[in-house]
């Protein structure tokens, strides 16, 4: 190995060390795939709830009618589905990220991880409070708000993790804005944003960063 090659190799090692100390690089692409699959299952369950509600709205002898009680039951079931999707996404995200960190012999929890989570969850918490208000006042805007706030959270957190996350955030924001033009298609946009885009980006990230080391 020549001196020039040794210098280049040393610079690459220094760059990798700096990147590991400043960015959370243990985020697994399979976490995105898991979150996307959970979102698709949640979208299917939500669609089934909407179908049941529409059917019962024409059948007053059913378990509940299309009155206020029916709407309350629908909202409660949708909240349960959303909580279940969130729990499944977080569980899969933690599992695959932990496996990647162990395989790479990197710490799962450090200063960079804390910075990333703070930058991620501050916009998510604000968006969650906003979405809860919309759920009971302007439900047609729930899906656009979820997509926009989630996209902003990804963009904000991308400073401390893989930069690819930023582009996913941009797509989520754009999708949410387009959803504002078609508010009646919220479930479709939600499925695309949280389901298909997660699976697509998770697969790309896995092939780009993890396949060689797997």
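In my numbering, the protein residues as written are 147 to 360.
Glycine included, each C-beta is placed from N, C-alpha and C at the ideal position.
- Take the alpha-carbon of residue 336 and the one of residue 252: they are about 34 Å apart.
- Contact check between the segment 327-342 and the segment 298-312: fewer than three CB pairs, one atom from each, fall below 8 Å, which does not count as touching.
- Contact between the segment 217-232 and the segment 252-271 is absent, with fewer than three C-beta pairs closer than 8 Å.
- Of the candidates 329, 198, 315, 315 places its Cα closest to the Cα of residue 343.
- Cβ contact annotation for residue 195 (same chain, cutoff 8 Å, sequence separation greater than five): 220, 223, 224, 227, in chain order.
- For residue 240 and residue 247, the gap between their C-alpha atoms comes out near 10 Å.
- Here the segment 321-329 makes no contact with the segment 181-195; the two share fewer than three CB pairs at distances below 8 Å.
- Residue 348 and residue 178 do touch by the CB rule: their CB atoms are close to 3 Å apart, below 8 Å.
- Judged by their CB atoms, residue 175 and residue 351 are nearer to each other than the 7 Å cut-off.
- In this chain, the alpha helix (DSSP H) harbouring residue 274 covers 257-283.
- Nearest to residue 293 by C-alpha distance, out of 304, 273, 285, 255, is 273.
- Rounded to whole angstroms, the separation of the alpha carbons of residue 341 and residue 217 is 26 Å.
- In the three-state scheme derived from DSSP, where H, G and I count as helix and E and B as strand, residue 196 is classed as helix.
- Between residue 278 and residue 287 the beta-carbon gap is near 12 Å, outside 8 Å, which marks them as no contact.
- If you compare the alpha carbons of 255, 172, 302 with that of residue 245, the shortest gap goes to 172.
- Put simply, the backbone Cα of residue 299 is about 20 Å away from that of residue 255.
- When rounded, the separation of the alpha-carbon atoms in residue 331 and residue 289 is 9 Å.
- DSSP places residue 332 inside the alpha helix (DSSP H), whose first and last residues are 332-336.
- Here residue 250 is exposed. Its C-beta has fewer than 16 other C-beta atoms within 10 Å.
- Rounded to the nearest whole angstrom, the C-alpha separation of residue 258 and residue 303 is 11 Å.
- Within 10 angstroms of the beta-carbon of residue 197 lie fewer than 16 other beta-carbons, which makes it exposed.
- The three-state secondary structure of residue 254, taken from DSSP, is coil.
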